[in-house]
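*Asks:* Numbering (our numbering), first residue to last: 1019 to 1429. One structure coming up, written as structure tokens, with questions to follow.
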């Protein structure tokens, strides 16, 4: 049995990595090719893909669409291989470049299970639509943007749809289970995929006059996020809750951490008093907090006062206690997902002037390993206990193949 991506990443500090970019071209009749075609490796540069970022909105409560930066591609095109369909040398000749599908796949090579038969262990890190309107031809290469599939939700107006559902879960499924969306990604009404943090009822859809994206952003406020997971190509609308079990551990004994920083106590995301805009409905804690932090809230489609009260109480339960958060930098780690439950450990750092026992000739037990040598000073810096668990709120994969996570402590 082959090693998993996780096993190779954890066990080997150096391993063979390969990035493949595939395209499924849009035909002139509006349909797509039946399968993906790999872009030749000789026109894919190491820096062909810019940073890939997926993160929850910055506050602890203003949820909705997961923030995804669109992929920026720089493809070698000395002979116009990746130019528009108007160029006979282009792979898009006879097709339409705009809205053709691009898939980015990252893999490590398992040369350890059977050196005579290496195997690629891959994960899809991005999939979306080429925006030819932003494409530019440079000297020797084409530069263009690939839009995340979630952008499709901004092309359909709610008033074009005939909707009858009145709870968030059923309404989301009714809206999304349509060919303009299922043409590109999968929709399933099981609670694995559609399960709002607060499944409000008596939704009034008549108040929505904008796009599907705008409606879902409003309906998700305070309790849910929605996104398309590139690894399985499913649409999710769900509560911001960590996975049931720990998915990854970043400990000192198998240290792959590059840096820990930007540690904050979470007070900037704390809200203790909630008020529904233009009403007398509120949710406040018993007693008087020393530092009350108020915020107004509303969802246009929630017009029932009981539902409003329940929603405010739910949101306050998530925001009234500050939750520390920080950033963790790792070697490129594309298999991690938003909402993964993780454990992180950091012993901190010794002050620059600390003397370590046992190093060189200081004691009878000689060691040259600083992590094993007792210190005369306590460690300083950011210290993270392995007893705590954290939820992944943000993921950034940069062009230099490093991954930065934003994690928040689970109460």
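Yeah, the Cβ is synthetic: ideal placement off N, Cα and C, and Gly gets one too.
When you compare the CB positions of residue 1147 and residue 1117, do they come within less than 7 Å of one another, or not?
*Replies:* In this structure, residue 1117 lies closer than 7 Å to residue 1147 by Cβ.
*Asks:* Where does the unbroken alpha helix (DSSP H) through residue 1028 begin, and where does it stop?
*Replies:* Its alpha helix (DSSP H) spans residues 1023-1029.
*Asks:* Please go through the same chain and pick out, in chain order, the residues whose beta-carbon is closer than 7 Å to the beta-carbon of residue 1406, but skip the five residues on each side of it.
*Replies:* Once the five neighbours on either side are set aside, the close Cβ partners of residue 1406 are 1427.
*Asks:* Count the C-beta pairs between the stretch 1265-1277 and the stretch 1210-1230 that are closer than 8 Å, then say yes if the count reaches three, no if not.
*Replies:* Output reads no: the stretch 1210-1230 does not touch the stretch 1265-1277.
*Asks:* Between 1410, 1062 and 1150, which lies nearest to residue 1360 when the distance is taken from Cα to Cα?
*Replies:* Selected option, being the one with the closest Cα: 1410.
*Asks:* Could you pull the DSSP bridge partners for residue 1166 from this structure?
*Replies:* Answer is 1146, bridged to residue 1166.
*Asks:* Got a sec? Which residues, its chain only, sit under 6 Å from residue 1235 by beta carbon, not counting five neighbours each side?
*Replies:* Counting only Cβ-Cβ distances below 6 Å, and skipping sequence neighbours, we find 1082 and 1083.
*Asks:* Pair every Cβ in the stretch 1274-1293 with every Cβ in the stretch 1326-1343, then say whether three or more of these pairs are closer than 8 Å.
*Replies:* Enough Cβ pairs lie closer than 8 Å, so yes.
*Asks:* For residue 1163, is the classification buried or exposed, using 16 other Cβ atoms within 10 angstroms of its Cβ as the cut-off for buried?
*Replies:* Classification of residue 1163: buried, given that the 10 Å Cβ count is 16 or more.
*Asks:* Could you tell me the alpha carbon to alpha carbon distance between residue 977 and residue 1144, rounded to whole angstroms?
*Replies:* Residue numbering for the chain in the displayed model covers 1019 to 1429; residue 977 lies beyond these limits and cannot be assessed.
*Asks:* Do the stretch 1059-1078 and the stretch 1221-1237 meet, that is, are 3 or more Cβ pairs less than 8 Å apart?
*Replies:* Contact fails: fewer than three Cβ-Cβ distances are below 8 Å.
*Asks:* Under the three-state reduction of DSSP, which class applies to residue 1037: helix, strand or coil?
*Replies:* Note: residue 1037 maps to strand in three-state DSSP.
*Asks:* By DSSP's criteria, residue 1284 is part of a beta bridge. Which residues make up the other side?
*Replies:* DSSP, once it has assigned bridges, lists no residue as partnering residue 1284.
*Asks:* Do three or more CB pairs link the stretch 1347-1360 to the stretch 1416-1426 at distances below 8 Å?
*Replies:* Yes: at least three Cβ pairs fall under 8 Å.
*Asks:* Which residue comes first and which comes last in the alpha helix (DSSP H) that contains residue 1235?
*Replies:* Residue 1235 -> alpha helix (DSSP H) spans 1230-1238.
*Asks:* Does residue 1124 come out as helix, strand or coil in the three-state DSSP assignment?
*Replies:* Residue 1124 falls in the strand class under three-state DSSP.
*Asks:* Could you tell me which whole alpha helix (DSSP H) segments of length 4 or greater appear in the stretch 1147-1223?
*Replies:* The stretch 1147-1223 contains these whole alpha helix (DSSP H) runs: 1186-1194 and 1197-1200.
*Asks:* Counting Cβ pairs, one atom from each stretch, are 3 or more of them under 8 Å apart for the stretch 1316-1330 and the stretch 1236-1244?
*Replies:* Verdict: yes, contact present.
*Asks:* So what does DSSP say about residue 1373, is it helix, strand or coil?
*Replies:* Confidence is the limiting factor: at residue 1373 the pLDDT is only 48, short of 50, which leaves the residue's position unreliable and the question unanswerable from this model.
*Asks:* Do three or more CB pairs link the stretch 1096-1103 to the stretch 1149-1163 at distances below 8 Å?
*Replies:* Yes, since at least three Cβ pairs between the stretch 1096-1103 and the stretch 1149-1163 fall closer than 8 Å, the two stretches touch.
*Asks:* For residue 1247, which beta-bridge partners are listed by DSSP?
*Replies:* Paired residues: 1252.
*Asks:* Evaluate the contact criterion for the stretch 1043-1056 versus the stretch 1108-1122: three or more CB pairs, one atom per stretch, below 8 Å.
*Replies:* They touch, by the three-pair rule.
*Asks:* Does the contact criterion of 3 or more C-beta pairs under 8 Å hold for the stretch 1324-1332 versus the stretch 1291-1300?
*Replies:* As far as the Cβ criterion goes, the stretch 1324-1332 touches the stretch 1291-1300, which means the pair count is three or higher.
*Asks:* Measuring CA to CA, which of 1036, 1024 and 1252 is closest to residue 1447?
*Replies:* Since the first residue of the chain shown is 1019 and the last is 1429, residue 1447 is not available in this structure.
*Asks:* Quick one: what does DSSP say residue 1083 is sitting in, helix, strand or coil?
*Replies:* Residue 1083: strand per DSSP, three-state reduction.
*Asks:* Inspect the beta-carbon positions of residue 1120 and residue 1139 and report whether they are closer than 7 Å.
*Replies:* No, these two residues do not count as a Cβ contact at 7 Å.
*Asks:* With a 10 Å radius around its C-beta and 16 neighbouring C-beta atoms as the bar for buried, classify residue 1036 as buried or exposed.
*Replies:* Answer is exposed; the Cβ neighbour count stays below 16.
*Asks:* Could you spell out the range, first to last residue, of the alpha helix (DSSP H) harbouring residue 1333?
*Replies:* Start and end: 1323-1337.
*Asks:* For the beta strand (DSSP E) that contains residue 1362, what are its first and last residues?
*Replies:* Where residue 1362 is concerned, the enclosing beta strand (DSSP E) stretches over 1359-1362.
*Asks:* How long is the line joining the alpha carbons of residue 1123 and residue 1088, rounded to whole angstroms?
*Replies:* So the alpha carbons of these two residues sit roughly 15 Å apart.
*Asks:* Nearest by alpha-carbon distance to residue 1113: which of 1134, 1043 and 1272 is it?
*Replies:* Ranking the options by Cα distance to residue 1113, first place goes to 1043.
*Asks:* State the beta-bridge partners of residue 1346 as determined by DSSP.
*Replies:* In DSSP, residue 1346 forms a bridge with 1278 and 1423.
*Asks:* With a 10 Å radius around its C-beta and 16 neighbouring C-beta atoms as the bar for buried, classify residue 1415 as buried or exposed.
*Replies:* Residue 1415 comes out buried.
*Asks:* Return the Cβ separation of residue 1181 and residue 1189 in integer angstroms, given the expectation that the two are a contact with Cβ distance under 8 Å.
*Replies:* Indeed, because the Cβ distance is near 7 Å, the residues count as touching under 8 Å.
*Asks:* Is it true that the CB of residue 1132 sits closer than 7 Å to the CB of residue 976?
*Replies:* Nothing can be reported for residue 976, as the shown portion of the chain is limited to 1019 through 1429.
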